[in-house]
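Right, one structure below, let's go through it.
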Amino acid sequence: MLTSGGLRAGTSAHACLYADAALARYGFPPGHPLGADRQAAFLKESERQGLLANVRMCAARSATAEEIGRFHTQGHIDKVKHAERDKLEFLDNGDTPVFPGVFEASSNVVGAALDGLERVMKGECDRSFQPIGGLHHAGRDHAAGFCVFNDLGVVIETLRSQYGIRRVAYVDIDVHHGDGIFYAYEEDADLAFADIHEDGRYLYPGSGREDETGKGAARGSKLNIALKPGSGDAEFLQAWPRVEQHLVRFEPEFIVFQCGADGLKDDPLAHLSYTPAVHAHAAKSLRAIATRFARGRLMAFGGGGYDRANLAKAWSAVLREIS
Ligand SMILES: [Zn+2]
């Protein structure tokens, strides 16, 4: 897998990268689109591009049940913990199978995110990237769409309960709507949400209409932009300034970025036709907004992406822009 590169501890780095064996365990059995080989595909490409020399390679850790419980219900945590013992086949209605070590692997995804958050808050790095993460479909009380625990939600809750940071911006360019985050914070005015995705009339999970802008006091804090099937870079770049304006108006203290690569052309699960230029553009823009409003604090997570060559290029583009 990784043969060289990475800054030594003590060397200052703009970005921390979480991509190790513990995270590679989060993958479903052969035949499932989210296999355990995605991280290695990304690492191979980012090393080929010489990107790993500029980042600090960090190790994942396991999250505790208390940490996972900042976002998830105890019932959901217990269901995952005992899924193998209870011989469950799926954690949801058929998308998210139980696999050997599912609880540990899912806890590693959350633990890596929290380790990255700690380093960013301590100023050890300004930004972090975790390709195996960004599990945006999991809700507080359930798994969904290949997502067991929602690492993004745990980061948001941890920012609030442990670091006293309330005004968080969540930006999602995965081809699927980030419903696990959207519905958890639909009535929360302090969570700015911006999501460009394929129109839910054509794609899972079906939500994310443009008139879904938040409820009650949170009305207007959520921006959903739904693209027609076949849309590509031109449509994305035309929509992106609305995301920028949404964030600038909100003045976030911290930015969480889910940069799923499944909007790229020929992804086996979706119907958009981005190139990696979309990921580069979004990452560069968010880096600038984080520098302006959030002391540079930006965490990026890989999310979906099922064509290995596509995800390797899109995530390498993100890493290049934030390191
Ligand atoms: Zn997706």
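Position 283 of the sequence shown, counting from 1, maps to 284 under this note's numbering, and the rest follow consecutively. Cβ coordinates follow ideal geometry from the N, Cα and C atoms, glycine included.
- For F258, DSSP records a beta bridge to V172 and A301.
- Among the bridge pairs identified by DSSP, S129 is matched with C17 and M300.
- Per the C-alpha coordinates, the member of D267, V279 and F258 positioned closest to G297 is F258.
- Note on V249: under 16 other CB atoms within 10 angstroms of its CB, so exposed under the neighbour-count rule.
- For the pair of segments examined, the segment 163-183 was found to touch the segment 240-256: the number of CB pairs separated by less than 8 angstroms reaches three.
- A Cβ-Cβ distance of about 4 angstroms is found for the pair A42 and R309, placing them in contact under the 8 angstroms criterion.
- In this structure, D263 has its beta carbon less than 7 angstroms from a heavy atom of ligand 1.
- Shown here, N109 sits in a helix according to DSSP, grouped into three states.
- If you draw a straight line from the Cα of V155 to the Cα of A139, it comes to about 11 angstroms.
- For K314, the enclosing alpha helix (DSSP H) has its first and last residue at R309 to I323.
- N151 is not a Cβ neighbour of Y27, given a cutoff of 8 angstroms.
- As summarised for the segment 171-239, the continuous alpha helix (DSSP H) elements at least 4 residues long and confined to that stretch are 180-185, given in chain order.
- The DSSP-derived three-state label of S63 is coil.
- Judged by the Cβ position, V56 fails to qualify as a neighbour of ligand 1 at the 7 angstroms threshold, every heavy atom of the ligand being at least this far.
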